[in-house]
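Going by this note's numbering, the sequence shown opens with residue 137, and the numbers climb by one from there. Ideal placement from N, C-alpha and C gives every residue a C-beta, glycine not left out. All values derive from a computational prediction rather than experimental measurement. Note sheet for the following structure.
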Amino acid sequence: MRKLLFAAAAAAIFVAPVAATAQAPIVLKFSHVVAPDTPKGKAAEKFKELGEKYTNGKVKIEVYHNSSLYKDKEELEALQLGAVQMLAPSNSKFGPIGVKEFEVFDLPYILPNKAALRKVTNGPLGKRLLGLLDSKGMVGLAYWDNGFKQMSANKALHVPADYKGLKFRIQSSKVLEAQFRALGAIPQSMAFSEVYQALQTGVVDGQENTWSNIYTQKMFEVQKYITVTNHGYIGYIVVVNKKFWEDLPADIRGQLEKAMHEATAYGNDIAEKENTEAMEMIKKSGRSTIFVATEAENAAMRKAMGPIYDDMAKRVGKATIDEFIKETTGATN
Ligand code: LMR
Numbered sequence: 137m138r139k140l141l142f143a144a145a146a147a148a149i150f151v152a153p154v155a156a157t158a159q160a161p162i163v164l165k166f167s168h169v170v171a172p173d174t175p176k177g178k179a180a181e182k183f184k185e186l187g188e189k190y191t192n193g194k195v196k197i198e199v200y201h202n203s204s205l206y207k208d209k210e211e212l213e214a215l216q217l218g219a220v221q222m223l224a225p226s227n228s229k230f231g232p233i234g235v236k237e238f239e240v241f242d243l244p245y246i247l248p249n250k251a252a253l254r255k256v257t258n259g260p261l262g263k264r265l266l267g268l269l270d271s272k273g274m275v276g277l278a279y280w281d282n283g284f285k286q287m288s289a290n291k292a293l294h295v296p297a298d299y300k301g302l303k304f305r306i307q308s309s310k311v312l313e314a315q316f317r318a319l320g321a322i323p324q325s326m327a328f329s330e331v332y333q334a335l336q337t338g339v340v341d342g343q344e345n346t347w348s349n350i351y352t353q354k355m356f357e358v359q360k361y362i363t364v365t366n367h368g369y370i371g372y373i374v375v376v377n378k379k380f381w382e383d384l385p386a387d388i389r390g391q392l393e394k395a396m397h398e399a400t401a402y403g404n405d406i407a408e409k410e411n412t413e414a415m416e417m418i419k420k421s422g423r424s425t426i427f428v429a430t431e432a433e434n435a436a437m438r439k440a441m442g443p444i445y446d447d448m449a450k451r452v453g454k455a456t457i458d459e460f461i462k463e464t465t466g467a468t469n
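Here you go:
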């Protein structure tokens, strides 16, 4: 695969010089792993529409959804090599390229609500975290919303004992690994595009995700139970290849920044509604039974997962965790 990526990168450099000419627009490939009909999918399409409009067609934005170009880990490598120019991976996917701090978002129950999320993404910590991407050959442009995660399996999940011995698919985050270990479960890191089949064939027993992902990937068809836990959050970092971005003529970069700004506002505006609608569709299908975790069940889950805050401080940085909690304290929806 690596060889292929190199070849693709070389070809991209050969056929797509950065300077725009009347005949040859600059091509910006935006790869992502979710369905078009999701908060990220829709925001990416909005960016395409606005970016092409504001640059008067000097930039052609090609959006590839559902991992049709690359899966999770490959897409980050492809971005670094310049084979694609833009991605929006979740916070949980930056560990493998050496930026572990984003995993702070994965700490269970660290985000009490959406207002708390906004304080981080719009505040100094959010800015500092984006800055860490520079040394990895990418520029962090924006934070995009998806939503809170729910737990699913073919067994009813209420309290930590229900998770014991079950295999759960996770994103490539050590914090998520620790979270499931704390519940006595067996975490298995896997690309998003492989989750449906892994659930269907019993390679894993369960998973955690947002309503929109559970719905659009049809996971609810192969999971008998979903528990509303809201224990964690999936949000995205829009990243662009640094060299591509810095080599753009300043006026074009400015027009794309404007498009990104507006696409971000649009996507973040619809994310909650998209997730609520996906939940309603799952309910309507009757394929999964949905439980809402009670206060006592949530308390038991928090207690079981609590110790990982200390364990993960070594990885994510204690200062980062403290700053996160400080910035979000008191935030109410
Ligand atoms: C996942 O891998 O479960 C999610 O990060 C997919 C996504 O991009 O929402």
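If only uninterrupted alpha helix (DSSP H) runs of at least 4 residues are considered, those enclosed by the stretch 398 to 465 are 431 to 441, 444 to 452 and 454 to 464. Contact between Q307 and S226 holds: CB atoms are separated by about 6 Å, below the 8 Å threshold. If you check the CB distance, L384 and G187 do not come in under 9 Å. A check of alpha carbon separations from S348 across A440, V169 and T337 identifies V169 as the nearest. Assignment of G371 by DSSP, reduced to helix, strand and coil, places it in the strand class. Residue side-chain check: H168 places its Cβ nearer than 8 Å to a non-hydrogen atom of the ligand LMR.
Residue burial annotation: A407 is buried, with at least 16 other C-beta atoms found within 10 angstroms of its C-beta.
Judged by their CB atoms, T464 and L247 are nearer to each other than the 9 Å cut-off. Per DSSP, I350 lies in no beta strand (DSSP E); the unbroken alpha helix (DSSP H) holding it starts and ends at W347 to T352. Distances from the alpha-carbon of K310 to those of V256, H397 and I233 put I233 closest.
For A314, the enclosing alpha helix (DSSP H) begins and ends at K310 to A318. Of the other Cβ atoms in all chains shown, fewer than 16 fall within 10 Å of the Cβ of G338; this residue is therefore exposed. At least one heavy atom of the ligand LMR lies closer than 8 Å to the C-beta of T174. Every unbroken stretch of the alpha helix (DSSP H) spanning 4 or more residues and falling wholly within the stretch 222 to 290 is given here in chain order: 250 to 257 and 260 to 267.
The alpha carbon of L243 has as its nearest neighbour, out of G466, A467, K454 and T468, the alpha carbon of K454. Annotated as distal: A292 and T191, with beta-carbon spacing of 9 Å or more. The criterion of a C-beta distance shorter than 9 Å is not satisfied by N366 and M355. Membership of Y190 in the alpha helix (DSSP H) is indicated by the continuous run P175 to Y190. If you draw a straight line from the Cα of Y372 to the Cα of N411, it comes to about 15 Å. Taking C-alpha positions only, V163 is separated from L215 by approximately 14 Å. Here A449 has I457 as same chain residues with Cβ atoms under 7 Å from its own Cβ, once five neighbours each way along the sequence are excluded.
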